[in-house]
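Undergrad: First the structure, which I've put down as structure tokens, then a few questions once you've had a look.
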Amino acid sequence: MAMQERVYLARRFTPCVERAIAARFAVVRHAVDAPVAPDVLAREAAGCTHLFVSTTERVTSDVIAALAPSLRTIATLSVGHDHIDLAAARAGGIAVLTTPDVLSDACAEVGMLLILAAARRAHEADALVRSGAWTGLAPTLLLGRGLVGRRLGILGMGRIGRGVAQRARAFGMAIHYHNRSRLTSDPEQGATYHATAEALLEQSDVLCLCAPNGGGLDGFLDTARIALLPPEAIVINLSRGDIVDDDALIAALASGRLFAAGLDVFRGEPAIDPRYATMPNVFLTPHIGSATIETRDAMGMLLVEGIDALARGETPSNRLC
Ligand code: DGY
Numbered sequence: 578m579a580m581q582e583r584v585y586l587a588r589r590f591t592p593c594v595e596r597a598i599a600a601r602f603a604v605v606r607h608a609v610d611a612p613v614a615p616d617v618l619a620r621e622a623a624g625c626t627h628l629f630v631s632t633t634e635r636v637t638s639d640v641i642a643a644l645a646p647s648l649r650t651i652a653t654l655s656v657g658h659d660h661i662d663l664a665a666a667r668a669g670g671i672a673v674l675t676t677p678d679v680l681s682d683a684c685a686e687v688g689m690l691l692i693l694a695a696a697r698r699a700h701e702a703d704a705l706v707r708s709g710a711w712t713g714l715a716p717t718l719l720l721g722r723g724l725v726g727r728r729l730g731i732l733g734m735g736r737i738g739r740g741v742a743q744r745a746r747a748f749g750m751a752i753h754y755h756n757r758s759r760l761t762s763d764p765e766q767g768a769t770y771h772a773t774a775e776a777l778l779e780q781s782d783v784l785c786l787c788a789p790n791g792g793g794l795d796g797f798l799d800t801a802r803i804a805l806l807p808p809e810a811i812v813i814n815l816s817r818g819d820i821v822d823d824d825a826l827i828a829a830l831a832s833g834r835l836f837a838a839g840l841d842v843f844r845g846e847p848a849i850d851p852r853y854a855t856m857p858n859v860f861l862t863p864h865i866g867s868a869t870i871e872t873r874d875a876m877g878m879l880l881v882e883g884i885d886a887l888a889r890g891e892t893p894s895n896r897l898c
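Counting from 578, one number per residue, gives the positions in the sequence shown under my numbering.
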């Protein structure tokens, strides 16, 4: 009987995905559902043909070199791939599979969650009710910002950015965006294109950072760029934490230069800058953009089906390299 290929699961995946993997491969798993460090990954996945990881595993050139003798596929449960050394994978002839498209709606929903929560002071409102200190409706209690007629500036108008735009239109927002290249009129849907990110910032009452993988924009939202935003603007980050200069954002939120922020991603997460947790005008979520049951099922199955397609000699659409 032919030896079954071995697959390494760095994290726990949804039951339907784990069943599909177990039906095809001999499964080797990390003992607990926690991020796996590169040296552990290189040791535990030795001899495996396929790796299933998430954005919490850094698949470095050293990991790839250690696993190269047997490794054929790196499958990541993410559309982002900044945690994988693509050049090393390419050089080793190892396929990298990601999960585009199927997570766009879920991430766009979290975009709206963050916009609404930041604008309407959801964190403070929830905390007040839970505290027991609420004394009843008051004409000036927790006044937020309405969305109707406000300009939503989207940095990175890919599938997730367009999903946020589609939803925000229904809330009466005017859509502005900057992207590496201008969209054609069909996906643009009447949104206003800005040729530079700085021009976009000047028009963004609500700025939503959606650049894929952070777009190589480390520290982009710094003091000088925050100064371009309209007074009391709102900042939303759905992209990667590194795109924000935390000192600059925190100072602008503390001084009232910015009204609020809604953040799903953080530099150094999960060890976030502790000052965020003390700020009433910041709404925080723990990188849950794609975290719905149906989306995580669809993401995992896209990876499994991608490996099936590779085995048939085909090139699946979610193959990055
Ligand atoms: C992604 O898919 O890149 C999201 O950030 C979730 O990991």
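For glycine and all other residues, C-beta sits at the position ideal for the given N, C-alpha and C.
How would you write the range of the alpha helix (DSSP H) that His700 sits in, first residue to last?
TA: Against the sequence shown, residue 700 aligns to sequence position 123. Its alpha helix (DSSP H) spans residues 699-708.
Undergrad: Which residue or residues does DSSP assign as beta-bridge partners of Thr633?
TA: As a first step, residue 633 must be located in the sequence shown, where it is residue number 56. None; Thr633 has no bridge partner.
Undergrad: Would DSSP call Cys684 helix, strand or coil?
TA: One-based indexing of the sequence shown puts residue 684 at position 107. In this structure, Cys684 counts as helix in the three-state DSSP scheme.
Undergrad: If Ala599 sits next to Phe629, beta carbons under 8 Å apart, how far is it from one beta carbon to the other, in whole angstroms?
TA: Stepping through the sequence shown from its first residue, residue 599 is reached at position 22. Stepping through the sequence shown from its first residue, residue 629 is reached at position 52. Contact flag wrong, Cβ pair sits at about 12 Å.
Undergrad: In the DSSP assignment, what are the bridge partners of His627?
TA: As a first step, residue 627 must be located in the sequence shown, where it is residue number 50. Val584, Thr650.
Undergrad: DSSP three-state call for Arg746: helix, strand or coil?
TA: If you number the sequence shown from 1, residue 746 lands on position 169. Note: Arg746 maps to helix in three-state DSSP.
Undergrad: At a cut-off of 6 Å, would you count Gly657 as near ligand 1, judging by its Cβ distance to the nearest heavy atom?
TA: Mapped onto the sequence shown, residue 657 falls at position 80. Gly657: yes, Cβ under 6 Å from ligand 1.
Undergrad: Give me the Cα-Cα distance between Ala672 and Arg896, rounded to the nearest whole angstrom.
TA: Against the sequence shown, residue 672 aligns to sequence position 95. Against the sequence shown, residue 896 aligns to sequence position 319. Approximately 7 Å, taken between the alpha carbons.
Undergrad: For Ala699, which residues of its own chain have a beta-carbon under 6 Å away from its beta-carbon, when the five flanking residues on both sides are left out?
TA: In the sequence shown, residue 699 corresponds to position 122, counting from 1. Excluding positions up to five away in sequence, the list reads Phe860.
Undergrad: Just curious, the alpha helix (DSSP H) that Cys593 is in, first and last residue?
TA: Counted from its first residue, the sequence shown places residue 593 at position 16. Looking at the DSSP string, the run of the alpha helix (DSSP H) that includes Cys593 is 592-601.
Undergrad: Report back the beta-carbon spacing between Glu775 and Arg802 to the nearest angstrom; my notes put them in contact at under 8 Å.
TA: By one-based count along the sequence shown, residue 775 stands at place 198. By one-based count along the sequence shown, residue 802 stands at place 225. Right, their Cβ atoms sit about 7 Å apart.
Undergrad: For Thr872, is the classification buried or exposed, using 16 other Cβ atoms within 10 angstroms of its Cβ as the cut-off for buried?
TA: By 1-based counting over the sequence shown, the position of residue 872 is 295. The residue in question, Thr872, is buried, as its Cβ has 16 or more Cβ neighbours within 10 Å.
Undergrad: Given a threshold of 16 other Cβ atoms within 10 Å of its Cβ, counted over all protein chains shown, does Pro646 qualify as buried or as exposed?
TA: Here residue 646 corresponds to residue number 69 of the sequence shown, with the count starting at 1. Per the 10 Å Cβ criterion, exposed.
Undergrad: I want to know whether the segment 863-877 touches the segment 681-688 - three or more CB-CB distances under 8 Å.
TA: Result yes; three or more Cβ-Cβ pairs closer than 8 Å.
Undergrad: Leaving aside the five residues before and after Ala768 along the sequence, list all residues of the same chain whose C-beta is less than 7 Å from its C-beta, in chain order.
TA: Within the sequence shown, residue 768 is the residue found at index 191, counting from 1. Cβ neighbours of Ala768 beyond the five flanking positions: Ala742, Ile752, His753, Tyr754.
Undergrad: DSSP on Leu861, reduced to helix/strand/coil?
TA: Position 284 of the sequence shown, counting from 1, holds the residue named residue 861. The answer is strand: DSSP assigns Leu861 an E or B state.
Undergrad: Taking only heavy atoms of ligand 1 into account, decide whether any of them is closer than 6 Å to the Cβ of Gly866.
TA: The count along the sequence shown starts at 1 and reaches residue 866 at position 289. Within the cutoff, so yes.
Undergrad: Taking the C-alpha atoms as reference points, what is the distance between Gly749 and Thr892?
TA: Residue numbering aside, residue 749 sits at position 172 when the sequence shown is read from its first letter. Residue numbering aside, residue 892 sits at position 315 when the sequence shown is read from its first letter. C-alpha separation (whole angstroms): 41 Å.
Undergrad: Alpha carbon to alpha carbon, how far is Cys562 from Pro592?
TA: Here the chain covers residues 578 to 898 and nothing more, so residue 562 does not appear.
Undergrad: Looking at ligand 2, does it come within less than 6 Å of Thr632, judged from the CB to the closest heavy atom?
TA: The model on display carries ligand 1 but not ligand 2.
Undergrad: How close, in whole Å, do the beta carbons of Val584 and Val604 come, if the pair is a contact with beta carbons under 8 Å?
TA: Counting from one through the sequence shown, the residue named residue 584 turns up at place 7. Counting from one through the sequence shown, the residue named residue 604 turns up at place 27. Confirmed, about 6 Å.
Undergrad: By Cβ distance, which residues of its chain are closer than 8 Å to Leu663, with the 5 residues on each side in sequence left out?
TA: Here residue 663 refers to the residue found at position 86 when the sequence shown is read from its first residue. Contacts found: Val673, Leu897, Cys898.
Undergrad: So, under 8 Å CB-CB, Val656 and Thr675 are touching, yes? Tell me the CB distance rounded to an integer number of Å.
TA: Locating residue 656 in the sequence shown gives position 79, counting from the first residue. Locating residue 675 in the sequence shown gives position 98, counting from the first residue. With 8 Å as the limit, Val656 and Thr675 qualify as a contact, their Cβ atoms being about 6 Å apart.
Undergrad: Looking at the unbroken alpha helix (DSSP H) that takes in Arg873, where does it start and where does it end?
TA: By 1-based counting over the sequence shown, the position of residue 873 is 296. Element bounds for Arg873: 870-888.
Undergrad: Between Thr650 and Ile884, is the Cβ-Cβ spacing less than 7 Å?
TA: As a working note, residue 650 is residue 73 in the sequence shown. As a working note, residue 884 is residue 307 in the sequence shown. Yes.
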